[in-house]
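**Student:**
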Amino acid sequence: MPAPLLSREAVVDRLLGAFRRFGYDAASLGQLSSATGLGRSSLYHYFPGGKEDMARAVLDRVDQWVQESVLAPLGSSGTPERRLSQVIAALDDYYGGGTEACLFGNFVVGDAVVLFHDRLSAAFHQLINGLTLLAREKGIPAREAQRRAEDAVVRIQGALIVSRGLGDPATFRRVLKELPKDLLG
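Here it is in structure tokens:
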């Protein structure tokens with residue numbers, strides 16, 4: 004068997020793009036093959052469990068990004084405003100200023116929500132908890148901090164959907180700009 008031309012990581016990155024674009028249910032093996040530039044048999048070489056295995060690898064990659072680019076800055080040193088600013092910059096970059104879909108948003112519908120519910124729920128809880136702790140550091144009471152954190156996640160996710168639906172990232176950019184005031188103000 005010839006050596007693979009792409010690393011598994013490169014294949015996962017390409018699959019991430021396809022799952023962001025099509026979601027889990029709508030992403031056919033043909034589309035995943037096309038997105039990676041690999042034949043179906045090569046995809047099965049990398050992911051013997053098929054499409055579900057591919058999606059798990061993509062979720063692992065997104066989990067890693069969330070840990071490094073969102074949760075680590077939220078828990079680092081510096082003022083809450085500075086840490087939130089780092090997270091906002093990371094979110095803006097990751098979502099292409101509001102032009103890229105959220106994988107989690109695409110995976111909370113259809114079969115994916117059943118297959119990956121525990122992982123999706125854990126990811127949302129981690130994000131909400133991280134934002135809650137940041138708001139608590141600003142002296143916001145626990146229940147209010149939790150509500151603000153949940154609202155922040157809802158606004159971010161909703162803004163991504165609306166921005167993509169309108170073909171205009173202005174809503175996403177506005178929500179990110181208002182996030183410090185809404186969460187910490």
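Those letters in the sequence shown? Residues 4 to 188, by the working numbering. In this text, a Cβ means the ideal position worked out from N, Cα and C, and glycines have one as well.
Pop quiz: Arg151 and Leu186 are said to be a contact at Cβ under 8 Å. What is the actual Cβ separation, rounded to whole angstroms?
**Tutor:** By 1-based counting over the sequence shown, the position of residue 151 is 148. By 1-based counting over the sequence shown, the position of residue 186 is 183. At roughly 5 Å, the Cβ-Cβ gap stays under 8 Å, so Arg151 and Leu186 are in contact.
**Student:** So what does DSSP say about Ala6, is it helix, strand or coil?
**Tutor:** For this step, residue 6 is matched to residue 3 along the sequence shown. For Ala6, the pLDDT reaches just 43, beneath the cut-off of 50, and the residue's location in the model is therefore unreliable, leaving the point undetermined.
**Student:** Thinking just about the alpha-carbon of each residue, which of Ser37, Leu19, Glu71 is nearest to the one in Asp56?
**Tutor:** The residue labelled residue 56 in the question sits at position 53 within the sequence shown. It is Leu19.
**Student:** Just to confirm the assignment: which complete alpha helix (DSSP H) runs, minimum length 4, are found wholly within the region 15-58?
**Tutor:** 32-39, 43-49
**Student:** Starting from the C-beta of Glu84, find all residues in its chain whose C-beta is less than 7 Å away, skip the five residues before and the five after it, and write them out in chain order.
**Tutor:** As a working note, residue 84 is residue 81 in the sequence shown. Excluding sequence neighbours, Glu84 sits near Pro183, Leu187.
**Student:** Per DSSP, what kind of secondary structure is Ile143 in: helix, strand or coil?
**Tutor:** Along the sequence shown, one-based indexing puts residue 143 at 140. Residue state, collapsed to three classes: coil.
**Student:** What span of residues does the alpha helix (DSSP H) with Ser88 cover, start to end?
**Tutor:** Working through the sequence shown from its first residue, we reach residue 88 at position 85. For Ser88, the enclosing alpha helix (DSSP H) stretches over residues 83-97.
**Student:** At a cut of 8 Å, does the region 43-63 reach the region 97-105 through at least three beta carbon pairs?
**Tutor:** no
**Student:** Considering Phe175, what are the terminal residues of the alpha helix (DSSP H) in which it resides?
**Tutor:** Within the sequence shown, numbered from 1, the residue matching residue 175 stands at position 172. 173-187 is the span of the alpha helix (DSSP H), which, as asked, contains Phe175.
**Student:** Report all residues from its chain with a CB closer than 8 Å to the CB of Gln160; omit the five preceding and five following residues, and keep chain order.
**Tutor:** Residue 160 sits at position 157 when you count from the first residue of the sequence shown. So the list reads Cys105, Phe107, Gly108, once near-sequence residues are dropped.
**Student:** Going by the beta-carbon positions, is the gap between Ala38 and Arg23 smaller than 8 Å?
**Tutor:** The sequence position of residue 38 within the sequence shown is 35, counting from 1. The sequence position of residue 23 within the sequence shown is 20, counting from 1. Against a cut-off of 8 Å, the Cβ pair of Arg23 and Ala38 comes out as no contact.
**Student:** So what's Ser124 in DSSP terms, helix, strand or just coil?
**Tutor:** To locate residue 124, count along the sequence shown from 1; it is residue 121. Correct three-state label for Ser124: helix.
**Student:** If you follow the alpha helix (DSSP H) that Ala104 is part of, which residue opens it and which one closes it?
**Tutor:** Here residue 104 corresponds to residue number 101 of the sequence shown, with the count starting at 1. Counting along the chain, Ala104 falls outside any alpha helix (DSSP H), and DSSP gives it neither H nor E.
**Student:** For Asp96, which of Leu9, Leu41, Leu163, Val14 has the nearest alpha-carbon?
**Tutor:** Indexing the sequence shown from 1 puts residue 96 at position 93. For Asp96, the nearest C-alpha among the options comes from Leu163.
**Student:** In three-state DSSP terms, what is Phe110?
**Tutor:** Sequence index remark: in the sequence shown, residue 110 carries index 107 (1-based). DSSP places Phe110 within a helical segment (H, G or I) once states are collapsed to three.
**Student:** For Leu32, count the other beta carbons within 10 Å of its own beta carbon; 16 or more makes it buried, fewer makes it exposed. Which is it?
**Tutor:** Here residue 32 refers to the residue found at position 29 when the sequence shown is read from its first residue. By the neighbour-count rule (16 or more Cβ atoms within 10 Å), Leu32 is not buried but exposed.
**Student:** Cβ of Leu74 within 8 Å of Cβ of Leu137?
**Tutor:** Counting from one through the sequence shown, the residue named residue 74 turns up at place 71. Counting from one through the sequence shown, the residue named residue 137 turns up at place 134. No; because the gap between Cβ atoms is not below 8 Å, this pair is not in contact.
**Student:** Against chain C, does Phe110 count as a neighbour if the rule is that its beta carbon must be under 8 Å from one of theirs?
**Tutor:** Going by chain labels, chain C is absent from the structure shown, which holds only one protein chain.
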